[in-house]
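Written out below as C-alpha cells is the structure these notes cover.
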Amino acid sequence: GSTWANVPQGPPVCITEAFKADSFEKKINLGVGAYRDDKGKPYVLPSVRTAEEKVVNAKLNKEYAGITGSISGTGALRIAAAFLQRFYPGDKTIYIPNPSWANHKAVFSDAGLKVQQYRYYDKNTIGLDFEGLIVDIKAAPKGSIFLFHACAHNPTGVDPSQEQWKEISEAVKAQGHFSFFDMAYQGFASGDTDKDAFALRYFVEQGHEVCLAQSFAKNMGLYGERVGAFSILGSSAEEKKRLDSQIKILVRPMYSNPPIHGARVASEILNTPALYQQWLGEVKEMADRIITMRSLLKSNLEKLGSRHDWSHITSQIGMFAYTGLDAESMKKLAKEHSVYATMDGRISVAGITSDNVGRLAEAIYKVKG
Ligand code: PLP
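Numbering of the sequence shown is given in the UniProt record's numbering, commencing with residue 29 and proceeding in unit increments.
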C-alpha cells in the first residue's frame with residue numbers, strides 16, 4: 029500500500045467551505061477574520077497602495093533580509109514559543125485565556141510548551157470574568173507564563189478596562205509571572221493605535237519583563253504579505269545581544285529568512301510621516317465602520333422587537349462580536365438563513381455591511397427571538 033495509507037483525514041481548518049457551497053445570492057459570511065469594506069469586498073488601504081508604489085519604483089534588489097524577522101503574527105508567536113521552550117528558566121507551561129484564538133493552543137503545543145487556560149469570559153454576563161481571571165493568576169505557580177491579548181480579544185471582543193489592566197499587572201507582578209502579549213489588532217479596538225497599546229505600555233512601565241508578538245495583517249490589511257514582529261525585552265545592551273544571537277539560531281533552521289516585500293511596505297508607512305498620518309486615519313476609518321455596524325445590528329434587532337439584551341454587541345470591541353448564540357442557533361443561521369460564522373457564536377463584524385445588516389438582524393431574530 030501507499031506510504032501514507034495511515035494518514036487520517038484531518039478536520040477542515042476554516043469554515044469557508046460551507047459558505048462557498050451555498051448558491052443563495054444574499055448569503056452572508058461572518059466567519060472570516062479579515063476586514064471588508066461596506067460593499068463586502070476585501071480592502072487594500074490607500075496608504076499601502078502608495079507605499080507599495082514607492083517600494084516598487086525604488087527598484088530595490090531582492091537580497092536576503094536579516095534573519096530576525098517574523099512571518100506575521102503567527103510566525104512571531106511561533107518564534108516566541110520556540111524561544112520560551114528553549115530558554116524559559118521556569119515551568120514551560122503557558123496560560124492562555126478561555127476562550128482564546130483557536131490557533132494559540134496548536135502554535136504553543138506544537139512548539140513544545142504545555143498549555144493551560146485561565147478564566148476570561150463569563151457566558152452569563154457575556155462579559156469579562158474579572159474575578160476568575162485574577163484568582164487564576166494568583167493560583168498559578170509563581171513564575172508562570174501568561175499570554176494576554178493586548179487589545180480586541182479574539183474571539184470574544186471583551187477587553188479588560190484600563191483599571192482592570194492595572195490590577196492584572198499587580199497580580200502578575202506579585203506572582204512573578206512572565207507576560208507575553210499577542211497584539212494582532214492594534215488600532216482595531218478603539219480606532220487609536222496608542223489607546224490600544226495601553227496594556228502593553230503599562231506593563232513595560234511597571235517593570236514587567238515582556239515579550240510581544242505583533243501582526244500587521246489586520247491594521248495594515250497586509251494579510252497575505254505576512255508582516256509581523258517578535259520583540260523581547262532585555263535588561264541591558266549585553267543581554268539584548270545574547271537574546272538576538274539565540275533568536276537567529278532558532279529562526280535559521282525554521283525558515284531561514286523572512287519575506288521582504290510586505291515588510292518594506294510596512295516600513296515605508298511607519299517611517300514616512302505623511303504616510304504614517306494617513307495610515308492612522310485609515311485604521312480609524314476601519315474601526316469606525318465596524319463600530320457603526322455594531323450599533324446598526326443592535327438597533328435593527330431592537331426595532332424587530334427582540335426581547336433580548338443586545339448591549340454586548342456594542343460594548344464589545346474589535347473585529348468580532350461574541351453574540352452569545354449557541355451552536356444550535358448558529359447551525360440554524362447557516363441552514364435556514366445562509367448566514368455563516370463559527371459555532372461558538374462569534375461573528376466577524378467586518379463582514380456586516382449597510383446592505384446586509386437588516387437581513388442579518390431578521391435572521392438572528394427568527395432564530396433567537
Ligand atoms: N493572534 C490573534 C489573536 C489573531 O486573531 C490572529 C489572526 O487572526 C493572529 C494572532 C495572527 O495572524 P497573522 O498570522 O495572520 O498575522
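Positions of the beta carbon are idealized from the N, C-alpha and C atoms, including for glycine.
Problem set entry | ligand 1 site residues, beta-carbon cut 5 Å against heavy atoms | 61, 100, 101, 102, 129, 182, 210, 212, 243, 245
For this session: Could you name the residues of the same chain whose beta carbon sits closer than 7 Å to that of residue 323, not counting the 5 residues immediately before and after it, in chain order?
Result: Closer than 7 Å at the Cβ level, and outside the excluded window around residue 323, lie 342.
For this session: Return the CA-CA distance between residue 287 and residue 47, expressed in angstroms with no decimal places.
Result: When the Cα atoms are used, residue 287 and residue 47 turn out to be separated by approximately 31 Å.
Problem set entry | Exposed unless 16 or more other CB atoms sit within 10 angstroms - verdict on residue 52 | exposed
Problem set entry | Beta-carbon gap between residue 188 and residue 156 smaller than 8 Å | In this structure, residue 156 lies closer than 8 Å to residue 188 by Cβ.
For this session: Identify the continuous beta strand (DSSP E) that holds residue 214 and give its terminal residues.
Result: Unbroken run through residue 214: none, as it is neither H nor E.
Exercise. Do the segment 358-372 and the segment 239-256 make contact, defined as three or more Cβ pairs closer than 8 Å?
Worked result: They do not touch, by the three-pair rule.
Exercise. CB-CB under 6 Å to residue 171, same chain, minus the five flanking residues each way: which ones, in chain order?
Worked result: 118, 204
Exercise. Near residue 257, which residues of its chain fall below 7 Å by C-beta distance, leaving aside the five closest residues on each side in sequence?
Worked result: 98, 104, 242
Exercise. Between 276, 351, 380, which lies nearest to residue 107 when the distance is taken from Cα to Cα?
Worked result: 276
Exercise. Between the segment 246-265 and the segment 206-226, do at least 3 Cβ pairs fall closer than 8 Å?
Worked result: yes
Exercise. Is the beta carbon of residue 8 sitting closer than 8 Å to the one on residue 168?
Worked result: Residue 8 lies beyond the range of the chain shown here (29 to 397); nothing can be said about it.
For this session: Determine the closest residue to residue 355 out of 349, 250, 333, 374, with distance taken between C-alpha atoms.
Result: 374
For this session: Can you have a look at residue 123 and say buried or exposed, based on whether 16 or more other CB atoms are within 10 angstroms of its CB?
Result: With 16 or more neighbouring CB atoms inside 10 Å of its own CB, residue 123 falls in the buried class.
Exercise. Cα separation between residue 278 and residue 32?
Worked result: The alpha-carbon separation between residue 278 and residue 32 amounts to approximately 30 Å.
Problem set entry | residue 292 versus residue 298 - alpha carbon distance | 10 Å
Problem set entry | Beta-carbon separation (whole angstroms), residue 226 vs residue 190, contact threshold 8 Å | Confirmed, Cβ separation roughly 6 Å.
Problem set entry | Integer Cβ distance of residue 102 from residue 135, believed to fall under 8 Å | A Cβ-Cβ distance of about 7 Å is found for the pair residue 102 and residue 135, placing them in contact under the 8 Å criterion.
Exercise. How about residue 376 and residue 68: are their beta carbons less than 8 Å apart?
Worked result: Going by C-beta atoms, residue 376 is not nearer than 8 Å to residue 68.
Exercise. Starting from residue 275 and walking both ways along the alpha helix (DSSP H), at which residues does that stretch end?
Worked result: 265-282
For this session: Drop a sphere of 10 angstroms on the beta-carbon of residue 317, count the other beta-carbons inside from all chains shown, and report buried for 16 or more, exposed for fewer.
Result: buried
Problem set entry | Inter-residue spacing [alpha-carbon to alpha-carbon] between residue 130 and residue 183 | 8 Å
Exercise. Run through DSSP, which three-state label would residue 352 get?
Worked result: coil
Problem set entry | Cutoff 8 Å; reference residue 385; Cβ partners in own chain excluding five residues on either side | 321, 324, 325, 328
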